[in-house]
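Chemist: Starting off with a structure, shown below.
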Amino acid sequence: MNLLIENSQTDLAYQKAILNSVSRTFALTIPLLPPIIEKVVGNTYLLCRIVDTIEDAAELTPEVKRNLSTLFLDAVLERAPVESFVGPCLHALKNYSNHDELDLIAHTPIILRILHTCSSHDQKAVSRCVSIMSEGMSRFHGRQTEVGLRDLSEFEDYCYVVAGVVGELLTSIFRHYSPQFSKNIQGHENLAIAFGQALQMTNILKDSPEDRARGVSWKPANLSQLDLLEIAYQKLSDSLTYILLIPKEEVGTRRFCLLAFGLAVLTLDKIAARDHFQQKEDVKLSRGTVWFFYGFTKIAASSNALIKSFFYLWGSPLRKLGAK
10 MNLLIENSQT DLAYQKAILN SVSRTFALTI PLLPPIIEKV VGNTYLLCRI
60 VDTIEDAAEL TPEVKRNLST LFLDAVLERA PVESFVGPCL HALKNYSNHD
110 ELDLIAHTPI ILRILHTCSS HDQKAVSRCV SIMSEGMSRF HGRQTEVGLR
160 DLSEFEDYCY VVAGVVGELL TSIFRHYSPQ FSKNIQGHEN LAIAFGQALQ
210 MTNILKDSPE DRARGVSWKP ANLSQLDLLE IAYQKLSDSL TYILLIPKEE
260 VGTRRFCLLA FGLAVLTLDK IAARDHFQQK EDVKLSRGTV WFFYGFTKIA
310 ASSNALIKSF FYLWGSPLRK LGAK
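In the numbering used here, the protein residues as written are 10 to 333.
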């Protein structure tokens with residue numbers, strides 16, 4: 010028993026360490042959650058990051074990406090041993106430059122061990138999320154072109170399988186541990202999808218110079234940056250409503266969502282101030298800004314008025330774009 014506890018603590022220590030290595034932002038936000046939720050959300054993020062790593066590997070063909078995604082999903086759903094994914098994936102990514110992400114893939118068995126210590130409800134929710142994301146991304150592997158996605162419908166579909174489904178996962182977990190949130194969100198579940206999509210749209214706009222440099226665009230071909238900013242603003246408005254449905258007493262969960270939401274608002278505010286930008290560093294938030302907003306969430310999380318005021322002030326440029 011003591012050995013099992015020690016192994017479990019070692020696994021969790023690795024999860025925390027690798028999370029900090031592969032994402033400073035989520036390493037900042039996820040620990041705000043209550044411990045039981047922190048474990049499963051951190052675990053899910055790392056599983057999704059593995060899917061993302063396959064997606065982002067420019068040197069892999071769409072067919073190889075699809076095959077690796079299938080192997081990964083089989084491992085997550087316990088249809089095949091995890092080793093059948095790890096070896097082929099590391100071989101395919103032998104020239105991949107991000108060593109932290111390669112380390113994460115090498116330690117996929119640890120991440121799955123942690124998943125299997127979560128409640129059956131949480132395991133089912135995570136499996137659904139990873140399935141939709143992995144299978145959805147596989148559909149888009151062959152659609153990476155310089156021109157972009159076909160239209161707004163395809164763009165929103167992509168944002169759903171990449172991030173909207175994560176919003177659904179968070180909602181499933183939050184309501185499992187919060188009867189009051191479960192009651193509040195009843196009939197408003199689509200707000201969870203908008204929350205995830207808003208964050209993904211922000212990332213797509215922010216990362217567009219890097220994507221363009223490697224001959225890829227995830228923007229819809231028939232819409233301008235202004236159009237996308239207007240759509241993102243509407244998704245953020247829905248995200249605000251979503252956050253306000255989280256009970257004020259659940260400060261950690263509110264701060265987790267508010268921090269991701271607020272950083273997206275501040276990033277889009279910087280993008281809206283420019284007609285064009287050549288690299289994502291041009292619109293990247295400074296470390297000082299991130300820490301200032303982190304501190305602000307300590308005060309604002311339990312105040313609906315402060316949260317609304319923030320969005321009214323900092324979302325103003327986006328709102329004005331939509332009014333033109």
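Every residue, glycine too, gets a C-beta built ideally from N, C-alpha and C.
All figures in this text were calculated on a predicted structure; none of them were measured in a lab.
1. Could you work out which residue in Q189, D112, Q243 is closest to I202 when comparing CA atoms only?
2. Are there three or more Cβ pairs, one per stretch, closer than 8 Å when the region 188-200 is compared with the region 248-267?
3. Could you give the residue range of the alpha helix (DSSP H) that holds L238?
4. In chain order, which alpha helix (DSSP H) runs of at least 4 residues are fully inside the region 282-333?
5. Mapping the DSSP letters down to three states, classify S187 as helix, strand or coil.
6. So is D160 buried or exposed if we call it buried at 16+ other beta carbons inside 10 Å?
7. Nearest to T70 by CA position, among D83, E47, S147, is which residue?
8. If D112 sits next to I27, beta carbons under 8 Å apart, how far is it from one beta carbon to the other, in whole angstroms?
9. Consult DSSP for S350 and reduce its assignment to one of helix, strand or coil.
10. How should V156 be labelled, buried or exposed, when 16 other C-beta atoms within 10 angstroms of its C-beta is the threshold for buried?
11. What span of residues does the alpha helix (DSSP H) with N199 cover, start to end?
12. Ignore the nearest five residues each way along the sequence and tell me which others in K74's own chain have a CB closer than 6 Å to its CB.
13. Note down the Cα distance separating W323 from K133, rounded to an integer number of angstroms.
14. Is the region 264-279 touching the region 219-233, taking contact as three or more C-beta pairs under 8 Å?
Modeler: The short version:
1. Taking the sequence shown and counting its residues from 1, one reaches residue 202 at position 193. Ranked by how close their Cα comes to the Cα of I202, the residues Q189, D112, Q243 have Q243 in first place.
2. Enough Cβ pairs lie closer than 8 Å, so yes.
3. On the sequence shown, position 229 is the one that residue 238 refers to. Where L238 is concerned, the enclosing alpha helix (DSSP H) starts and stops at 234-253.
4. 296-309, 313-323, 325-332
5. The residue you call residue 187 lines up with position 178 of the sequence shown. Here S187 sits in coil by DSSP.
6. The count along the sequence shown starts at 1 and reaches residue 160 at position 151. With fewer than 16 other Cβ atoms inside 10 Å of its own Cβ, D160 counts as exposed.
7. Looking up residue 70 in the sequence shown gives position 61. That would be S147, whose Cα lies nearest to the Cα of T70.
8. Residue mapping note: residue 112 aligns to position 103 of the sequence shown, counting from 1. Residue mapping note: residue 27 aligns to position 18 of the sequence shown, counting from 1. Confirmed, about 7 Å.
9. The requested residue 350 is not part of the displayed model; the chain covers only 10 to 333.
10. By one-based count along the sequence shown, residue 156 stands at place 147. Counting Cβ neighbours within 10 Å, V156 comes out exposed, since fewer than 16 surround it.
11. Reading the sequence shown from its first residue, position 190 is the one you call residue 199. Where N199 is concerned, the enclosing alpha helix (DSSP H) stretches over 199-222.
12. Walking along the sequence shown from the start, residue 74 turns up at place 65. So the list reads I63, H150, once near-sequence residues are dropped.
13. In the sequence shown, the residue the question calls residue 323 occupies position 314. In the sequence shown, the residue the question calls residue 133 occupies position 124. Looking at the two C-alpha atoms, the distance is approximately 38 Å.
14. The region 264-279 makes no contact with the region 219-233, as fewer than three CB pairs between them are under 8 Å.
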